[in-house]
Amino acid sequence: MRIVYTDVLVVGGGLAGLRAAVGARRRGLEVIILSLVPPKRSHSAAAQGGMQASLGNTARGAGDNEDVHFEDTVRGSDWGCDQEVARLFAHTAPQAVRELAAWGVPWNRVKAGEREVVVDGRRVSLAERPEAHGLIAARDFGGTKKWRTCFVSDGTGHAMLYAVSDQAVAESIPVHERCEAIALIHDAGRCHGAIVRNLVTGELSAYIARATCIATGGFGRIYRVTSNAVINEGIGAAIALETGVAELGNMEAVQFHPTTIVPAGILVTEGCRGDGGLLRDAAGHRFMPDYEPEKKELASRDVVSRRMEEHIRAGHGVKGRFGEHLWLDITLLGKAHIDGRLREVKEICQHFLGIDPARDLIPVRPAQHYSMGGIRTDASGQSTRLAGLFACGEAACWDLHGFNRLGGNSVAETVVAGMIVGETMADFVESSAGDLQVSTALVREFLEWEQARIDTLLHGDGSENATALMARMQSIMTDKVGIFRRGDLLESAVEELQQLLVRSRSIGIATRRPGANPELVPASRVQKMLTLALCVAYGALQRTESRGAHYREDHPRRNDADWLKRTLARWPDAGDTLPTLAYEPLDVTRMELPPGWRGYGAKDAIEHPATEARAAEIAAIRAAFGHADRYILQQALMPFEQLVPEPFRGRNERLGDTP
Amino acid sequence: MSAPAKPRRLTLRILRSTPGAHVEPQWQDFAIEEAEGMTLFIALNEVRQNLDPSLQFDFVCRAGICGSCGMLIDGRPGLACRTLTKDLGSTITLAPLPVFELIGDLSVNTGKWMRGTAERLETWIHSQQAPALTAMEAPMEPELAEAIYELDRCIECGCCVAGCGTLRMREDFVGAVGLNKIARFRLDPRDARSDEDFYDLIGDDSGVFGCMSLLGCHDVCPKGLPLQTQIAFLRRKMAVVGFK
Numbered sequence: 001m002r003i004v005y006t007d008v009l010v011v012g013g014g015l016a017g018l019r020a021a022v023g024a025r026r027r028g029l030e031v032i033i034l035s036l037v038p039p040k041r042s043h044s045a046a047a048q049g050g051m052q053a054s055l056g057n058t059a060r061g062a063g064d065n066e067d068v069h070f071e072d073t074v075r076g077s078d079w080g081c082d083q084e085v086a087r088l089f090a091h092t093a094p095q096a097v098r099e100l101a102a103w104g105v106p107w108n109r110v111k112a113g114e115r116e117v118v119v120d121g122r123r124v125s126l127a128e129r130p131e132a133h134g135l136i137a138a139r140d141f142g143g144t145k146k147w148r149t150c151f152v153s154d155g156t157g158h159a160m161l162y163a164v165s166d167q168a169v170a171e172s173i174p175v176h177e178r179c180e181a182i183a184l185i186h187d188a189g190r191c192h193g194a195i196v197r198n199l200v201t202g203e204l205s206a207y208i209a210r211a212t213c214i215a216t217g218g219f220g221r222i223y224r225v226t227s228n229a230v231i232n233e234g235i236g237a238a239i240a241l242e243t244g245v246a247e248l249g250n251m252e253a254v255q256f257h258p259t260t261i262v263p264a265g266i267l268v269t270e271g272c273r274g275d276g277g278l279l280r281d282a283a284g285h286r287f288m289p290d291y292e293p294e295k296k297e298l299a300s301r302d303v304v305s306r307r308m309e310e311h312i313r314a315g316h317g318v319k320g321r322f323g324e325h326l327w328l329d330i331t332l333l334g335k336a337h338i339d340g341r342l343r344e345v346k347e348i349c350q351h352f353l354g355i356d357p358a359r360d361l362i363p364v365r366p367a368q369h370y371s372m373g374g375i376r377t378d379a380s381g382q383s384t385r386l387a388g389l390f391a392c393g394e395a396a397c398w399d400l401h402g403f404n405r406l407g408g409n410s411v412a413e414t415v416v417a418g419m420i421v422g423e424t425m426a427d428f429v430e431s432s433a434g435d436l437q438v439s440t441a442l443v444r445e446f447l448e449w450e451q452a453r454i455d456t457l458l459h460g461d462g463s464e465n466a467t468a469l470m471a472r473m474q475s476i477m478t479d480k481v482g483i484f485r486r487g488d489l490l491e492s493a494v495e496e497l498q499q500l501l502v503r504s505r506s507i508g509i510a511t512r513r514p515g516a517n518p519e520l521v522p523a524s525r526v527q528k529m530l531t532l533a534l535c536v537a538y539g540a541l542q543r544t545e546s547r548g549a550h551y552r553e554d555h556p557r558r559n560d561a562d563w564l565k566r567t568l569a570r571w572p573d574a575g576d577t578l579p580t581l582a583y584e585p586l587d588v589t590r591m592e593l594p595p596g597w598r599g600y601g602a603k604d605a606i607e608h609p610a611t612e613a614r615a616a617e618i619a620a621i622r623a624a625f626g627h628a629d630r631y632i633l634q635q636a637l638m639p640f641e642q643l644v645p646e647p648f649r650g651r652n653e654r655l656g657d658t659p
Numbered sequence: 001m002s003a004p005a006k007p008r009r010l011t012l013r014i015l016r017s018t019p020g021a022h023v024e025p026q027w028q029d030f031a032i033e034e035a036e037g038m039t040l041f042i043a044l045n046e047v048r049q050n051l052d053p054s055l056q057f058d059f060v061c062r063a064g065i066c067g068s069c070g071m072l073i074d075g076r077p078g079l080a081c082r083t084l085t086k087d088l089g090s091t092i093t094l095a096p097l098p099v100f101e102l103i104g105d106l107s108v109n110t111g112k113w114m115r116g117t118a119e120r121l122e123t124w125i126h127s128q129q130a131p132a133l134t135a136m137e138a139p140m141e142p143e144l145a146e147a148i149y150e151l152d153r154c155i156e157c158g159c160c161v162a163g164c165g166t167l168r169m170r171e172d173f174v175g176a177v178g179l180n181k182i183a184r185f186r187l188d189p190r191d192a193r194s195d196e197d198f199y200d201l202i203g204d205d206s207g208v209f210g211c212m213s214l215l216g217c218h219d220v221c222p223k224g225l226p227l228q229t230q231i232a233f234l235r236r237k238m239a240v241v242g243f244k
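Sequence lines, in order, name chains A and B.
Sequence positions in the first sequence follow the numbering used here and run 1 to 659.
Sequence positions in the second sequence follow the numbering used here and run 1 to 244.
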């Protein structure tokens with residue numbers, strides 16, 4: 001029995017996991033990272049457009065601050081997020097961007113003077129302030145009041161990932177590559193580490209850790225049409241679910257990105273529209289202003305994706321070999337802009353479509369993109385039910401995004417949550433709660449159980465085909481649990497997914513060899529993925545309202561009276577075919593920003609009975625603190641400083657701050 | 001985008017091998033039908049799904065961004081995910097990248113090699129003081145930030161390593177990927193290292209003076225990095241230090 005001991009085990013080598021690992025390491029702890037792939041190949045690298053942080057350096061960003069970023073994020077979430085977490089995030093994001101600058105990320109910088117940009121289809125001239133010259137620039141993104149998205153051309157995630165990954169190397173943090181955590185070791189409500197399969201040798205080992213952090217990203221691959229990388233199968237969230245103890249939050253909250261290319265499903269950044277790109281239909285008509293006069297192409301992603309599908313349903317789609325699509329037009333931005341700031345988009349168009357986006361329109365259609373749901377944690381990043389288990393980034397439901405994430409808030413979340421969880425894990429390990437109390441007998445039990453599961457696949461008499469089950473699951477999710485959802489379709493999805501889950505318990509494989517057996521990979525993952533798919537579909541069926549990205553055609557209004565609450569899914573018994581759902585109400589009486597209209601999308605929400613009183617309370621506090629500075633006012637509205645780890649306290653400096 | 005009336009039959013001729021299995025590597029042919037817009041990512045997955053579930057290869061982003069799928073495509077290093085079959089003949093040979101440790105079939109351990117390079121060349125910003133996180137960031141000229149990004153675009157796919165003549169003779173050569181990283185950090189004013197420091201890292205035959213200027217690296221780089229210019233420039237700068 002091979003056992004590896006460490007203080008902190010981080011599962012996942014993308015931005016969130018790497019940053020958490022660096023934080024814990026710098027507190028003097030021993031840290032090991034597990035990664036399915038070399039960390040620089042993680043899906044974080046595919047984040048193109050940028051990261052939101054309210055630096056306010058550019059002309060169109062001037063006046064930005066944590067308050068505006070917070071409000072944009074809450075509105076974007078359709079009031080589904082945890083507002084204290086949104087505050088903690090908005091406060092820490094500028095520090096994250098500045099730390100990354102010091103670590104070498106070549107953020108695009110402000111150039112003083114006049115420059116031409118495209119806004120709302122027209123070329124306009126902007127004057128950047130001389131005192132801002134050389135500071136970190138920002139571009140426009142959907143659902144934001146200010147230009148807040150810091151960027152490195154359209155390779156932002158790549159540049160960030162390389163900088164943070166190289167910091168992990170500088171800190172001598174070992175990364176065990178091509179290793180997959182296949183189960184969490186736990187008992188009595190305490191996580192002790194993970195059982196890990198080496199994907200090259202096939203060998204199983206146990207990693208025992210005082211703190212375990214899941215940072216495995218999203219689960220987009222439960223869908224057939226997704227922008228996600230092939231490794232985004234959600235196994236980290238699934239093994240947490242499999243404990244029967246840890247909870248997953250808001251799994252039905254799945255984001256569809258408006259612009260992925262047809263048919264490959266590869267993302268082209270929201271920066272295309274942020275920089276002035278337009279959406280057009282078969283007739284060449286720019287249709288978004290017809291639906292969303294306020295924000296047009298730059299409403300939030302859930303709204304734009306829905307409007308696009310609505311427009312296609314109304315008969316305005318472009319008919320092609322691979323179904324219908326719409327056009328993304330960035331020709332008006334000009335070749336120089338595309339060559340400089342949208343070069344990944346240009347390469348993708350060249351290689352996968354054979355077109356030049358400076359001249360040609362890009363065929364696009366919404367596709368699954370992001371998982372707002374994940375392992376439910378408190379604001380410190382620890383699982384609400386399984387002590388010693390932490391989660392950050394897309395794998396977590398920290399709950400920054402509620403039912404819709406804003407573009408640019410996910411890479412920002414990875415590093416911000418990584419900063420916070422790195423600290424809180426170190427605090428945990430240093431406290432008595434972090435003491436290890438695990439017997440090797442328990443470890444052996446988990447190890448033998450997992451080995452038996454693999455042996456059953458290799459030598460059992462199962463006859464089900466894993467890739468066929470996977471493909472069927474993906475089709476069900478895309479066809480029935482997509483952008484437009486309906487009770488009857490969701491019911492049939494749940495029913496069929498349950499059948500697939502039962503069948504997945506008797507999978508057989510052809511290649512009966514251990515070691516690097518690629519056939520074992522889908523065979524061992526599909527059952528886990530099906531449990532996630534069931535959390536999504538069943539959660540969506542139960543939620544009889546529309547909120548953010550969760551849109552029910554049979555319940556089209558947001559219903560705060562009945563549904564201002566977070567879905568919590570557990571899987572108490574391995575033999576179950578459905579998750580056990582519970583709900584955690586969001587407390588209106590403590591919200592800094594009580595529910596209202598988002599500023600785009602539908603206006604007909606059913607109000608929560610406490611909203612009016614809270615809104616009056618907030619108005620009274622604002623009136624009473626009319627002359628105080630914004631920090632003191634904020635403190636009176638919804639204090640959150642107690643959540644900020646000590647190294648990240650203090651006020652973020654900005655250009656033109658009055659001392 | 002007009003497709004031929006009848007789809008082509010493609011033969012994927014793949015070099016199969018299992019290290020440690022005491023079986024000679026051998027070519028194996030797989031016949032599939034071409035589809036419109038088919039990439040080698042799609043084609044190889046079809047082979048694995050329908051013809052041989054044991055076939056090993058690596059893909060992650062399938063969008064030309066992550067650098068996982070470097071392989072020899074008709075003998076030339078390239079990214080399989082963004083290679084369209086329509087640009088190739090009806091028989092396509094695929095082999096693993098040389099130089100790197102072989103995992104099996106088309107899968108090689110680029111991660112281990114690149115981590116070694118990062119440790120050896122210390123590919124991170126060396127700075128004396130930790131940043132004050134709440135303070136204003138230090139300004140940087142916009143053009144300089146763009147010039148750094150130009151070199152920061154490397155995706156460590158290993159194509160330059162596989163296309164390198166020097167590496168065939170010198171196992172310890174840092175390769176274009178390593179030299180480009182030094183050029184990148186050298187350009188970055190946030191890195192406190194001097195040319196003397198960089199000379200210690202690459203000022204010998206395993207570094208910039210080992211390059212024979214065959215420049216296969218430059219020809220095969222999927223990101224079009226200016227490797228030729230950067231290597232020449234570094235060689236001049238390092239020679240200056242060497243003469244001191």
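We put the CB at the ideal spot given by N, CA and C, even for glycine.
Item to check | Close-in-space but distant-in-sequence residues of the same chain around Ala3/B (CB under 7 Å, 5 per side omitted) | outcome: On the second sequence, residue 3/B is found 3 positions in, with the first residue counted as 1. Confidence at Ala3/B is low in this model, with a pLDDT of 49, below 50, so the placement of that residue should be treated as unreliable; the coordinate-derived value is given next. Correct list, in chain order: Glu36.
Checklist entry - Using Cβ-Cβ distances below 8 Å, what residues of the region 180-193 of chain B are close to chain A? => result Phe185, Asp188, Arg190 and Asp191
Item to check | Positions along the region 314-325 of chain A whose CB lies within less than 7 Å of some CB in chain B | outcome: Arg321
Checklist entry - Can you list, in chain order, the residues of its chain whose CB lies under 7 Å from that of Arg123/A, leaving out five sequence neighbours each side? => result Looking up residue 123/A in the first sequence gives position 123. Same-chain partners within the cutoff: Glu116.
Next on the checklist: Suppose only complete runs of 4+ residues qualify. What are the alpha helix (DSSP H) ranges in the region 127-182 of chain A, listed by chain order?
Outcome noted: 156-170
Checklist entry - To which residues of the same chain is Ala471/A closer than 6 Å at the C-beta, ignoring the five residues directly before and after it? => result As a working note, residue 471/A is residue 471 in the first sequence. None.
Checklist entry - Does the distance from the C-beta atom of Arg552/A to that of Arg598/A stay below 9 Å? => result If you number the first sequence from 1, residue 552/A lands on position 552. If you number the first sequence from 1, residue 598/A lands on position 598. Contact: no.
Checklist entry - How about Met238/B: is its C-beta nearer than 9 Å to some C-beta of chain A? => result As a working note, residue 238/B is residue 238 in the second sequence. Taking Cβ atoms only, chain A never reaches closer than 9 Å to Met238/B, which makes this a no.
Next on the checklist: Run through the DSSP bridge pairs and tell me what Asn559/A is partnered with.
Outcome noted: What you label residue 559/A is simply residue 559 of the first sequence in a count that begins at 1. Ile606/A, per the DSSP bridge assignment.
Checklist entry - When the Cα atoms are used, what is the spatial distance from Arg307/A to Pro289/A? => result By 1-based counting over the first sequence, the position of residue 307/A is 307. By 1-based counting over the first sequence, the position of residue 289/A is 289. In this structure, the straight-line span from the alpha carbon of Arg307/A to that of Pro289/A is close to 10 Å.
Checklist entry - Given a threshold of 16 other Cβ atoms within 10 Å of its Cβ, counted over all protein chains shown, does Lys319/A qualify as buried or as exposed? => result By 1-based counting over the first sequence, the position of residue 319/A is 319. Exposed is the call here.
Item to check | Phe428/A, DSSP secondary structure in three states | outcome: Numbered from its first residue, the first sequence carries residue 428/A at position 428. Here Phe428/A sits in helix by DSSP.
Checklist entry - So, is Asn108/A buried or exposed, given that buried needs 16 or more other C-beta atoms within 10 angstroms? => result Along the first sequence, one-based indexing puts residue 108/A at 108. With 16 or more Cβ atoms within 10 Å of its Cβ, Asn108/A is classed as buried.
Item to check | Identified DSSP bridge partners for Arg235/B | outcome: To locate residue 235/B, count along the second sequence from 1; it is residue 235. Bridge partners of Arg235/B: none, in fact.
Next on the checklist: Could you check whether the Cβ of Trp124/B sits closer than 9 Å to any Cβ belonging to chain A?
Outcome noted: Against the second sequence, residue 124/B aligns to sequence position 124. So yes, Trp124/B belongs to the interface.
Next on the checklist: Tell me the DSSP secondary structure of Phe352/A in three-state form.
Outcome noted: Within the first sequence, numbered from 1, the residue matching residue 352/A stands at position 352. Looking at Phe352/A - three-state DSSP - the assignment turns out to be helix.
Item to check | Residues near Ser380/A by beta carbon distance below 6 Å, same chain, minus five either side | outcome: Along the first sequence, read from residue 1 onward, the residue named residue 380/A stands at position 380. Taken in chain order, the residues that qualify are Thr424.
Checklist entry - Counting only runs that start and end within the region 166-229 of chain B, where is the alpha helix (DSSP H) found for 4 or more residues in a row? => result 166-169, 175-187, 195-202 and 216-220
Checklist entry - So, helix, strand or coil for Ala35/B, using DSSP? => result The residue you call residue 35/B lines up with position 35 of the second sequence. Coil at Ala35/B, not helix or strand.
Checklist entry - Touch check for the region 626-638 of chain A and the region 2-10 of chain A: three-plus C-beta pairs under 8 Å? => result no
Item to check | Reduced DSSP category for Phe322/A - H, G, I as helix; E, B as strand; rest coil | outcome: Within the first sequence, residue 322/A is the residue found at index 322, counting from 1. Three-state result, Phe322/A: coil.
Checklist entry - Is it a yes or a no for the region 189-197 of chain A touching the region 384-393 of chain A, going by three-plus beta-carbon pairs under 8 Å? => result yes
Item to check | Cross-chain neighbours of Trp107/A in chain B, by beta carbon under 7 Å | outcome: If you number the first sequence from 1, residue 107/A lands on position 107. Correct list: Ala145.
Item to check | Backbone CA spacing between Trp79/A and Ala299/A [nearest angstrom] | outcome: The count along the first sequence starts at 1 and reaches residue 79/A at position 79. The count along the first sequence starts at 1 and reaches residue 299/A at position 299. If you take the alpha carbons of Trp79/A and Ala299/A, they lie about 16 Å apart.
Item to check | Identified DSSP bridge partners for Val10/A | outcome: The residue you call residue 10/A lines up with position 10 of the first sequence. Paired residue(s): Ile33/A and Cys213/A.
Checklist entry - With 9 Å set as the bound, which would you pick, yes or no: does the beta-carbon of Glu34/B sit closer than that to a beta-carbon of chain A? => result Here residue 34/B refers to the residue found at position 34 of the second sequence. Output row for Glu34/B: interface = no.
Checklist entry - Which chain B residues sit within Cβ distance under 7 Å of Glu347/A? => result Here residue 347/A refers to the residue found at position 347 when the first sequence is read from its first residue. Per Cβ cutoff of 7 Å: Gly64.
Next on the checklist: Please report the distance separating the alpha-carbon of Leu326/A from that of Glu495/A.
Outcome noted: Position 326 of the first sequence, counted from the start, is the residue given in the question as residue 326/A. Position 495 of the first sequence, counted from the start, is the residue given in the question as residue 495/A. Each residue's alpha carbon lies about 33 Å from the other.
Checklist entry - Is DSSP giving Ser127/B helix, strand or coil here? => result Against the second sequence, residue 127/B aligns to sequence position 127. In the structure shown, Ser127/B sits in coil (DSSP, three-state: anything other than H, G, I, E or B).
Next on the checklist: Give me the chain A residues within the contact set of Phe59/B, using Cβ-Cβ distance strictly less than 8 Å, ordered along the chain.
Outcome noted: If you number the second sequence from 1, residue 59/B lands on position 59. The answer, in chain order, is Val230.
Checklist entry - Does the Cβ-Cβ distance between Leu353/A and Leu342/A come in under 9 Å? => result By one-based count along the first sequence, residue 353/A stands at place 353. By one-based count along the first sequence, residue 342/A stands at place 342. In this structure, Leu342/A does not lie closer than 9 Å to Leu353/A by Cβ.
Next on the checklist: My assumption, with CB atoms under 8 Å, is that Ala86/A sits in contact with Val110/A. Please give the rounded CB distance.
Outcome noted: Looking up residue 86/A in the first sequence gives position 86. Looking up residue 110/A in the first sequence gives position 110. With a contact defined as Cβ atoms closer than 8 Å, Ala86/A and Val110/A miss out at about 27 Å.
Checklist entry - Between the region 75-103 of chain B and chain A, which residues of the former have a C-beta closer than 7 Å to a C-beta of the latter? => result When C-beta distances to chain A are compared with 7 Å, the residues of the region 75-103 of chain B below that value are Arg82 and Ile103, in chain order.
Checklist entry - With Phe200/A and Arg178/A assumed to form a contact (beta carbons below 8 Å), what rounded beta-carbon distance in angstroms separates them? => result Along the first sequence, read from residue 1 onward, the residue named residue 200/A stands at position 200. Along the first sequence, read from residue 1 onward, the residue named residue 178/A stands at position 178. The residue you asked about is not Phe; residue 200/A is Val in the sequence shown. About 5 Å separates the beta carbons of Val200/A and Arg178/A, which is inside the 8 Å limit, making them a contact pair.
Next on the checklist: Beta carbons nearer than 8 Å to chain A: which residues of the region 20-45 of chain B have them?
Outcome noted: Glu36, Gly37 and Thr39
Checklist entry - Residues of chain B with CB under 7 Å from Trp660/A, in chain order? => result Residue 660/A is absent from the structure shown; chain A starts at 1 and stops at 659.
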